Structure formats: C-alpha cells, structure tokens
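Undergrad: Taking mature numbering (1 follows the signal peptide of the UniProt record, and there is no 0), I'd label the letters of the sequence shown as residues -28 to -1, 1 to 77.
We put the beta carbon where it would ideally sit given N, CA and C, even for glycine.
Computed from a predicted structure; not experimentally measured.
Structure provided below as structure tokens; questions to follow.
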Amino acid sequence: MARIFSYRSIKLAAVGAVMALPAFPARAQVICGGHDYLVARLAEAFEEKRLGYGVAGEVAIFEVFVSASGTWTILMTDVKGQACILAAGDGWEDTLATAVGQPGG
C-alpha cells in the first residue's frame, strides 16, 4: 500500500534532528534557556520584538524577532518551555508576501 506523503512528518523529523544536534563550535554555539528570559534579553540587548511565529506540530514553536535597526533572531521553544536561539543576524528586510513563481516569490 502506498504511503501518503506528509510534510508534517518531515517537519517533526527536522525539529527532532535540530534538537539532537551536538554542540556547535564556540563561535556558532546555540544559546538555550527559559523562553521568557531569552525574550527579555532580546528586547533589552537588541530591542527586538516578535514579528511572527509558526507551530511545528506538537513539538515546538518557532518565533522570529526583529528590531527597527534590522537585527533578527529565530527562537525555537519546545513544549517544556525550553527555548534556543537557532540563528541571528542583521540586515532584516520586510517584504510583501508573494506566491512562489510570481516576481519576488
């Protein structure tokens, strides 16, 4: 019997893989802590506010924080409230949502 392709199972596997990754070198180390603590630190240190979020099944929530100066952070929080900064940088640009295959999409 053919299996039905499911993006949800791929997302759950990807989240599990990210959570199981060994520690990165010191320069690229993932920073983890309580969700409220990390959000407060992003606000204090970088003036970042949550732009949006997405739910990865029943496993985690991914949030994007940005500042007016263009810094950005991607934060993943698991169901126990443990949060990790997965990526951060600068040069954030807001864009209008466009369909794939359309100019800018």
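Could you tell me how far apart the beta carbons of Leu10 and Ile46 are, in whole angstroms, since I believe they sit closer than 8 Å?
TA: Contact doesn't hold; Cβ gap of about 12 Å is too wide.
Undergrad: Buried or exposed: where does Leu14 fall if 16 or more other Cβ atoms within 10 Å of its Cβ makes it buried?
TA: buried
Undergrad: Buried or exposed: where does Thr67 fall if 16 or more other Cβ atoms within 10 Å of its Cβ makes it buried?
TA: By the 10 Å Cβ count, Thr67 comes out exposed.
Undergrad: Terminal residues of the continuous beta strand (DSSP E) containing Asp50?
TA: Trp44 to Asp50
Undergrad: Go ahead and pull the three-state DSSP assignment for Glu16.
TA: helix
Undergrad: Helix, strand or coil: how does DSSP classify Leu10 here?
TA: helix
Undergrad: Between which two residues does the beta strand (DSSP E) harbouring Ala60 extend?
TA: Where Ala60 is concerned, the enclosing beta strand (DSSP E) starts and stops at Gln54 to Gly61.
Undergrad: In whole angstroms, what separates the C-alpha of Phe37 from that of Val72?
TA: Put simply, the backbone Cα of Phe37 is about 24 Å away from that of Val72.
Undergrad: Run through DSSP, which three-state label would Phe26 get?
TA: The question names Phe, but residue 26 in the sequence shown is Gly. In this structure, Gly26 counts as strand in the three-state DSSP scheme.
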